[in-house]
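Read in order, the letters of the sequence shown correspond to residues 6 to 720 in our numbering.
What follows is a single structure, written as structure tokens, with notes after it.
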Amino acid sequence: MTLLEGDIFRIFLWKNEEDEQKKSVVLKQGGLGTFDLRRENDSLFLSGNSERSLRIDLKPFSWDWDGVRGGIKLFQDERTGQGLVMVLEEGSGRRYYGLGERVGRLNKKGRIWTNWNTDPKRGVRLNTDPLYQSHPFLIGVEEKRAFGLYLDESWETRFDLAASSGGRSKIATCGPTFDLYLIPGPSIKEVVRRFTTLSGKAPLPPLWAFGYHQCRWGYKSEKFVGRVVQQFRKYQIPLESIWLDIDYMRGYRVFSFDERKFPDPKRMIKRMRDQNIRTVVIVDPGVKFDKRWPVFKEGLEKEAFLKKMNGEIYVGKVWPGNTVFPDFSRDDVRKWWGEKHRFYLKNGVAGIWNDMNEPTSFSGPENSVPFDTLHSSGTTHAKLHNLYGYYMNQACFEALKRARPRTRPFILTRSGFSGVQKFAWVWTGDNRSDWKHLSMSIPMLLNLGLSGVPFVGADIGGFGGDCDGELFARWMWLGAFYPFMRNHSSTGTIRQEPWCFGRKILRIARDAIRFRYRLLPYLYTVAEEACRTGIPVLRPLCLEYPDDEKCAEIEDEFLLGNDLLVAPALKKNQKWRRVYLPEGQWEDFWSGSRYLGQKSIRVDTPLESIPLFLRAGAAVPLTEASLNTKRAVWKPLIWRVSLAERVTGRVYEDEGEGFKKGRVRKIRGSFRKGTLKLTQGKSGTTGKVFVLIGSGKRYPLGGRSLVLRIREKKI
6 MTLLEGDIFR IFLWKNEEDE QKKSVVLKQG GLGTFDLRRE NDSLFLSGNS ERSLRIDLKP
66 FSWDWDGVRG GIKLFQDERT GQGLVMVLEE GSGRRYYGLG ERVGRLNKKG RIWTNWNTDP
126 KRGVRLNTDP LYQSHPFLIG VEEKRAFGLY LDESWETRFD LAASSGGRSK IATCGPTFDL
186 YLIPGPSIKE VVRRFTTLSG KAPLPPLWAF GYHQCRWGYK SEKFVGRVVQ QFRKYQIPLE
246 SIWLDIDYMR GYRVFSFDER KFPDPKRMIK RMRDQNIRTV VIVDPGVKFD KRWPVFKEGL
306 EKEAFLKKMN GEIYVGKVWP GNTVFPDFSR DDVRKWWGEK HRFYLKNGVA GIWNDMNEPT
366 SFSGPENSVP FDTLHSSGTT HAKLHNLYGY YMNQACFEAL KRARPRTRPF ILTRSGFSGV
426 QKFAWVWTGD NRSDWKHLSM SIPMLLNLGL SGVPFVGADI GGFGGDCDGE LFARWMWLGA
486 FYPFMRNHSS TGTIRQEPWC FGRKILRIAR DAIRFRYRLL PYLYTVAEEA CRTGIPVLRP
546 LCLEYPDDEK CAEIEDEFLL GNDLLVAPAL KKNQKWRRVY LPEGQWEDFW SGSRYLGQKS
606 IRVDTPLESI PLFLRAGAAV PLTEASLNTK RAVWKPLIWR VSLAERVTGR VYEDEGEGFK
666 KGRVRKIRGS FRKGTLKLTQ GKSGTTGKVF VLIGSGKRYP LGGRSLVLRI REKKI
């Protein structure tokens, strides 16, 4: 038992002496806090600086952490022959959040959730579990007090959240140790802040990552890619990058281009880059078993691949056919793999998309590598499976930093583990062109954010199945508020570029993308806050309004940062919807109408826009739409102000690339008796600055201050 900085208690149990010195792969090994320890009979009492204290009862072993009670005992998993399980006592009113990307409701109570990184054979369905990532981090909320539980175990773990034990929850690991961190609140926000201090915060990405990305499994040649880019320019649609799926490879060999379909990739990529359009390529961990292929031969010489129990190389089946898998748990293999990315960089590739890194093996059990496959240390895959994608992303991130020390790496990953945000962004995998998948994306992304992963998105329009114009329009508007905005679809489905559904839908999609680019100053500012504090970009209402019971279960609306509330239409033929507004006053972003909070209102949901509300007193930084991002120094800068007695706003600016420290500009003011007074900070600006009230006229903010007489609208 130890007490860490931030009054986080660690309870570590082990069965074997060799496990006593277990080190965390994921967590920062921070300093120890000071605590008092006393013993009474068979009980230990630990207390730190916070109100919470920890009581340990030794016979039988159990613990009580200021009302959160649990007991831990042994059990035998049928596959590993070992295991430990913790039983949590709880009241009926407790809610649970977190656990990373999960289907279903925002509140995860009432189901059994498994942490075992899995590429589901049928793609993501409404009840699919497990999925591509494992995040054994749970937030509990009871009587408006929040706490966090992090189980630092890479073995398969299961969280039975009052689904089968009548008022009790059980958390089990299939390994020989149980390494539990008790993270205090009292708010959800404070739990997330403390957890990301442990697991690491995301680095600030390049500005271009927040633009609009276009992808399809089926961009099968240079000419095809060129035609897609031409259409974007023809219709004046903003475009940040083109993504190449496995079509670009020669026989699906990683670190290759098919010379027949992509005869001059460097020229193709440069031609796009000259138009400020970047290129991102997919990278799978599987290496084709081909004795003539240099990547395979090098890995063979380094003994870099996973092996079977008899010492032979494990050979699975993936896109290239017979496939072998690097052992990313080894430092030297990660460095070797990372250096192979120079092949892409010398061709001008801007970002890497790590896929199939659960790892997927079509011929293996559960669509993956067998449990008893050996890593170089002699450790079985049962222990390291969930860390495979984490290690692969680490290899890629460190390599990109070595190769381009002045450039911020951009990596997207399908698989990962707690702490993956230090290396990569995350998308939710193979969703479908379906209304339920549209709505399900919201709680999935919100819980990823609460689990420490702020930069997330879902495939806009759906990956599998055929999209239609109405669904695509709704998804484009919702996607304009995802941290990661990418349109992606599968081969064999109808194409879903913005112009594929007729002129009306093209116009709506273009408007949504352009609004995304108008929103970039605010989005980039919220992103910088997420990197600094760990608080996510997308936020459930219960994060900002923990005392409002009505916010606890809301999963069809969300906050972008603290100032914008988004309430998308999520049903076919939906003409209106109810929107719950939390405390304070809120302003319809489009009409300027004002509403009192803590009530539900009816709003229309035209296909051409999305219900969007601005918190009263907020000054949100915007700019004008452009075809690409350039620098995060906004010209013009437009403060969209919602009137209140006190007005505040901030914008973070930098070069949008590199590691030079940026600056924060603030605006403050007041609105009393029909007079708005605004003052901006001393840092000033090199461009024009405007103030926008409601949907009306812009007022230039000359010098550092502005005074306006404004007729108040009725609420």
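Idealized CB from N, CA, C, for every residue including glycine.
Keep in mind that this is a model prediction, so the values were computed, not measured.
Option in the options with minimal Cα separation from residue i
i      : options                        : result
Ile510 : Phe152, Gly353, Ser614, Gly231 : Ser614
Cys547 : Trp639, Val197, Lys580, Thr202 : Val197
Asn653 : Thr628, Phe664, Gly686, Gly667 : Before going on, a small fix: residue 653 reads as Thr here, not Asn. Cα-wise, what sits closest to Thr653 is Gly686.
Phe301 : Glu629, Leu627, Val320, Glu195 : Val320
Ile193 : Glu558, Asp561, Ala151, Lys555 : Ala151
Arg607 : Ser631, Gln579, Asn362, Glu195 : Gln579
Glu161 : Trp222, Gly86, Ser246, Pro65   : Gly86
Met481 : Pro503, Gly231, Val461, Gly497 : Pro503
Glu45  : Asn54, His218, Lys64           : Lys64
Thr39  : Leu49, Asn54, Asp47            : Asn54
Glu363 : Leu93, Thr384, Tyr393          : Tyr393
Asn281 : Phe594, Lys312, Gly216, Pro545 : Gly216
Tyr704 : Arg677, Gly661, Lys666, Pro641 : Pro641
Ser368 : Asp336, Gly326, Phe695, His380 : Gly326
Gly172 : Tyr224, Arg99, Ser226          : Arg99
Cys505 : Val646, Phe237, Met273, Gly11  : Phe237
Ala167 : Phe477, Asp124, Gly153, Ile117 : Ile117
Phe563 : Leu619, Glu264, Lys20, Ile465  : Leu619
Distance CB(residue i)-CB(residue j) smaller than 8 Å
i      : j      : result
Pro448 : Pro541 : no
Phe330 : Pro290 : yes
Asn359 : Asn398 : yes
Leu697 : Trp644 : yes
Val259 : Val234 : no
Lys126 : Asn436 : no
Phe520 : Ala463 : no
Asn122 : Ser456 : no
Thr365 : Val323 : yes
Pro243 : Tyr487 : no
Leu212 : Ala637 : yes
Trp341 : Lys307 : yes
Pro4   : Leu111 : In this structure the chain extends from 6 to 720, so residue 4 is not present and cannot be described.
Leu565 : Leu586 : no
Gly467 : Gly205 : no
Lys27  : Thr178 : no
Trp222 : Ser495 : yes
Between the CA atoms of residue j and residue i - distance to the nearest angstrom
i      : j      : result
Asn352 : Asp41  : 59 Å
Leu528 : Arg500 : 29 Å
Thr684 : Arg670 : 11 Å
Val625 : Arg655 : 8 Å
Ser52  : Ser29  : 24 Å
Tyr349 : Met277 : 15 Å
Pro191 : Asp552 : 12 Å
Ile77  : Gly145 : 18 Å
Ile188 : Cys220 : 40 Å
Val461 : Asp659 : 22 Å
Cys401 : Ser97  : 45 Å
Thr538 : Lys665 : 19 Å
Arg409 : Glu662 : 11 Å
Ile416 : Ala535 : 17 Å
Asp69  : Glu554 : 26 Å
Asp165 : Asp471 : 35 Å
Arg15  : Tyr101 : 20 Å
Gly256 : Trp298 : 11 Å
Close Cβ partners of residue i (< 7 Å) along its chain, the five nearest in sequence each way excluded
i      : result
Thr530 : Pro626, Arg655, Val656, Tyr657
Ile287 : Leu249, Asp250, Ile251, Trp358, Asp360
Gly674 : Val652, Leu681, Lys682, Leu683, Thr684
Glu629 : Arg523, Pro641
Own chain partners of residue i with C-beta closer than 8 Å, once the 5 adjacent residues on each side are dropped
i      : result
Val108 : Val129, Arg130, Leu131, Asn132, Thr133, Asp134, Leu136, Met445, Met449
Leu617 : Leu569, Leu570, Val571, Ala572, Asp593, Phe594, Trp595
Close beta carbons around residue i, own chain, < 6 Å, minus the five adjacent residues each side
i      : result
Ala514 : Met481, Pro503
Cβ-heavy atom distance, residue i to the ligand GTP, below 7 Å
i      : result
Arg107 : The model depicted lacks the ligand GTP and carries no ligand whatsoever.
Legend entry - Length-filtered (3 minimum) beta strand (DSSP E) runs lying within the segment 44-88: 48-52, 58-63, 66-70, 73-79
Inset, instruction - Any chance you could list the alpha helix (DSSP H) runs of at least 4 consecutive residues sitting entirely within the segment 357-397, in chain order? - result: Here the runs fully enclosed are 386-389.
Legend entry - 4 or more residues per run - each alpha helix (DSSP H) lying fully within the segment 78-143: none
Inset, instruction - With a floor of 3 residues, list each beta strand (DSSP E) that falls wholly inside the segment 245-316, ordered by position along the chain. - result: 246-249, 283-288
Inset, instruction - Entirely within the segment 413-499 and at least 4 residues each: give me those alpha helix (DSSP H) ranges in chain order. - result: The qualifying runs are 440-455, 474-484.
Legend entry - Length-filtered (4 minimum) alpha helix (DSSP H) runs lying within the segment 523-571: Correct list: 546-549.
Inset, instruction - May I have a chain-ordered list of the alpha helix (DSSP H) segments no shorter than 4 residues that lie completely inside the segment 313-357? - result: 336-345, 347-351
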